[in-house]
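Down below is the structure, laid out as structure tokens.
Residue numbers (mature numbering (1 follows the signal peptide of the UniProt record, and there is no 0)): -20 to -1, 1 to 330.
Shown next, in the form of structure tokens:
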């Protein structure tokens, strides 16, 4: 269950963010001699700095596998001086709660999403969540791995967000899934209650498609689908499968309405307390993790589709894709107006 922001603050996470001159303390609930589940042990010696990393997805998800890889590389590159403890399944809170905690220095690292960041300032990264801005996965990585992608990451801290963008991760194109009937046409979404992230961009995207957007905490989504609080939601295939949403919503349509990339964020307070050597190591580990994630997500998507078909999920495609794209004009007018030049730069990347 996600912790309230006040509970997160009470955990004393700042103890794990000591500067280069002061050894970090291990949080009380995770003694050093008993590593927490998902925690990566340092190669040598006792860690001087312990950083807490959060994600809303469960263990076994490709994004958690990528986080484990990141933690391992950080430990290797710092000779065990920096240890990253991973907290899956929303243990540190939902997106908005943890973004606030990052700003206050109460959480160190978080796997955020460009869509859910839209309400935290006019960051360029939020433009990457606009519907259909990316042609496909190759287009996304061409942007993310180039100078434009780095400039967008740098802009996160330049806006005064008190967060630093470290690197990107790919969680796949987001598609709708529903409880009672398959979706093949835009009319099939009419008046359905669709769970979305609590983001103005996502709320407006769902509304533009004729459905009723319903913000619900991710940890409550399975039960909400099961009890009829919502009629559907949207997730990339690996997340849809690993969270077992197919058990209660067995219809999945490949509409790809957004390719909102993940971005791993650091609290600016935490980052400024790290030594330059540790900052450099974490940055290098992030680049290595991007390469790992790029391959891992392709395999995870393929396996998810195979497993979903084996589980009896009905996977459909759109009969009227052009109508879905056309419906996004109002979304671009409202949410893309501040990023017109950036949008063109992104679309121009080959």
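In this text, a Cβ means the ideal position worked out from N, Cα and C, and glycines have one as well.
Annotation for residue 90: the continuous beta strand (DSSP E) segment containing it runs 89 to 93. Short of 6 Å from the beta carbon of residue 329, and not among the five residues preceding or following it, lie these beta carbons of its own chain, in chain order: 122, 123.
In this structure, DSSP gives residue 81 a helical state, which the three-state scheme calls helix.
The C-beta of residue 195 has fewer than 16 other C-beta atoms within 10 Å across all chains shown, which makes the residue exposed.
Residue 58 places its beta carbon 7 Å or farther from that of residue 315. CA-to-CA, the gap between residue 88 and residue 115 works out to about 33 Å.
Comparing alpha carbon positions, the residue from 270, 312, 76 closest to residue 184 is 312. By the neighbour-count criterion, in which a residue is buried when 16 or more other Cβ atoms sit within 10 angstroms of its Cβ, residue 177 is buried. In the three-state reduction of the DSSP assignment, residue 224 falls in the coil class. Beta-bridge partners assigned by DSSP to residue 29: 62.
In the displayed model, residue 313 falls within a helix according to three-state DSSP. Residue environment for residue 126: exposed (fewer than 16 other C-beta atoms within 10 angstroms of its C-beta).
By the neighbour-count criterion, in which 16 or more other beta carbons inside 10 Å mark a residue as buried, residue 140 falls on the exposed side.
Annotation: the continuous beta strand (DSSP E) that includes residue 154 extends over 154 to 158.
Between residue 171 and residue 299, the alpha-carbon positions lie close to 19 Å from each other. Bridge pairing for residue 34: 67, 90 [DSSP]. Inter-residue distance for residue 321 and residue 106 is about 14 Å (C-alpha atoms, whole angstroms). Here residue 252 is exposed: its Cβ has fewer than 16 other Cβ atoms, across all protein chains shown, within 10 Å. Per the C-alpha coordinates, the member of 150, 306, 214 positioned closest to residue 276 is 150.
Partner residues in the beta bridge of residue 242, as assigned by DSSP, are 93, 149. Counting of Cβ neighbours within 10 angstroms places residue 271 among the exposed residues, the total staying below 16. Counting of Cβ neighbours within 10 angstroms places residue 256 among the exposed residues, the total staying below 16.
In its chain, beyond the 5 residues on either side, 217, 218, 221 have a beta carbon closer than 6 Å to the beta carbon of residue 284. Annotated as distal: residue 82 and residue 34, with beta-carbon spacing of 7 Å or more. Residue 189 is not a Cβ neighbour of residue 159, given a cutoff of 7 Å. Using a Cβ distance threshold of 7 Å, residue 92 and residue 245 count as a contacting pair.
By the Cβ-count criterion, residue 227 is exposed, with fewer than 16 other Cβ atoms from all chains shown falling within 10 Å of its own Cβ. For residue 237, the three-state secondary structure derived from DSSP is strand.
When beta bridges are read from the DSSP output, residue 143 appears opposite 247. Residue 165 is positioned such that its CB atom lies no closer than 7 Å to that of residue 210. For residue 326, no beta strand (DSSP E) run applies; the uninterrupted alpha helix (DSSP H) run containing it begins and ends at 320 to 328, by DSSP.
Approximately 17 Å separates the beta-carbon atoms of residue 86 and residue 66; this is outside 8 Å, ruling out the contact. Comparing C-alpha distances from residue 264 to each of 27, 54, 240 shows the shortest one belongs to 54.
Here residue 199 is near residue 70, since their CB atoms are less than 7 Å apart. The DSSP-derived three-state label of residue 176 is strand.
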